[in-house]
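Per this note's numbering, the sequence shown starts with residue 1, numbered consecutively.
The structure under discussion appears below in the form of structure tokens.
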Amino acid sequence: MKIFAANWKLHKNPKETREFFAEFLKQVSPVADREIVFFPSTICLEATSQSLSSSKIKWGAQNCYYEAKGAFTGETSAQTVKDLGGQSVLIGHSERRAIFTETDELIAKKVSFIQGLGLTPLLCLGETLAQREAGETLKVLSQQLQTGLSKADKTKSLVIAYEPVWAIGTGRIATSAQVQEAHAAVFQNIQKLGFSSATAILYGGSVKPENSKELLAIPHVDGFLVGGASLEVASFKAICQS
Ligand code: PGA
Numbered sequence: 001m002k003i004f005a006a007n008w009k010l011h012k013n014p015k016e017t018r019e020f021f022a023e024f025l026k027q028v029s030p031v032a033d034r035e036i037v038f039f040p041s042t043i044c045l046e047a048t049s050q051s052l053s054s055s056k057i058k059w060g061a062q063n064c065y066y067e068a069k070g071a072f073t074g075e076t077s078a079q080t081v082k083d084l085g086g087q088s089v090l091i092g093h094s095e096r097r098a099i100f101t102e103t104d105e106l107i108a109k110k111v112s113f114i115q116g117l118g119l120t121p122l123l124c125l126g127e128t129l130a131q132r133e134a135g136e137t138l139k140v141l142s143q144q145l146q147t148g149l150s151k152a153d154k155t156k157s158l159v160i161a162y163e164p165v166w167a168i169g170t171g172r173i174a175t176s177a178q179v180q181e182a183h184a185a186v187f188q189n190i191q192k193l194g195f196s197s198a199t200a201i202l203y204g205g206s207v208k209p210e211n212s213k214e215l216l217a218i219p220h221v222d223g224f225l226v227g228g229a230s231l232e233v234a235s236f237k238a239i240c241q242s
């Protein structure tokens, strides 16, 4: 099974969301061993839910809180995502970690809460350029997995995305050797922590139609988390078909 996930970040409004899906559904139908999942911004989730209601394409939110409801101004409820028919929530994206100061401890609570609702957390990890240059990449990944998954249920579904921070939105792609080393390390860590060896590990960071085929051939690369190239039907379609 390969997973092709689209992270739209803070792009598109509900009208643009509906227009995208009208065109995408005309051009792309999911095939048996390939899953497609969209992560639009929170305010476009209802338009997404309506657009994809009779399709096999999945969707989810880019973030959520670890409570279903209450006095949490500005947060997103994973329960509402579920009520609308969503299946997944992105957790710990590097922009959440860097701009919104999310820690591995907070991320662990969110992962556990999402699993408790029966949704799939898509946990993002990755090293900064400074950490890579200091030779700390594998240590950072191991720490993010150990703490981020410390409250997770090993019997419930989980997806991981390895995204080197320096490759996100920069056009600077990790080399095949770097991707291979990181994915092998994530795979080993997941096994050591007692999670299923079938847990999908996606790669993210400047994935484009021009590099997706080569990346998908790397061992333990089970799909992609795509930012910029997922905003246009043509480029995301090409990646989904790579
Ligand atoms: P990018 O973003 O594909 O634009 O580099 C990836 C991500 O942030 O998930």
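Ideal placement from N, C-alpha and C gives every residue a C-beta, glycine not left out.
| Item | Value |
| --- | --- |
| Any chain B beta carbon closer than 8 Å to residue 88 | Annotation note: the requested chain B is absent from the structure, which comprises a single protein chain. |
| For residue 209, the nearest candidate out of 223, 105, 164 and 187 (CA to CA) | 223 |
| C-alpha gap between residue 61 and residue 54, whole angstroms | 19 Å |
| Contact test: residue 229 Cβ vs the ligand PGA heavy atom, cutoff 7 Å | yes |
| Straight-line Cα distance separating residue 214 from residue 173 | 12 Å |
| One or two residues paired with residue 64 in a DSSP bridge | Answer is none; residue 64 lacks a bridge partner. |
| Bridge partners - residue 121, DSSP secondary structure assignment | 89 |
| Proximity to residue 8 [Cα-Cα], best of 32, 125, 242 and 233 | 233 |
| Own chain partners of residue 52 with C-beta closer than 7 Å, once the 5 adjacent residues on each side are dropped | 21 and 59 |
| Opposing strand residues paired with residue 161 [DSSP bridges] | 124 and 202 |
| Residue 147 to residue 68 span [Cα, whole Å] | 22 Å |
| Range covered by the beta strand (DSSP E) that runs through residue 114 | Here residue 114 belongs to no beta strand (DSSP E); instead the alpha helix (DSSP H) covers 104-116. |
| For residue 7, the three-state DSSP class (helix, strand or coil) | strand |
| Delimiting residues of the beta strand (DSSP E) encompassing residue 225 | 223-226 |
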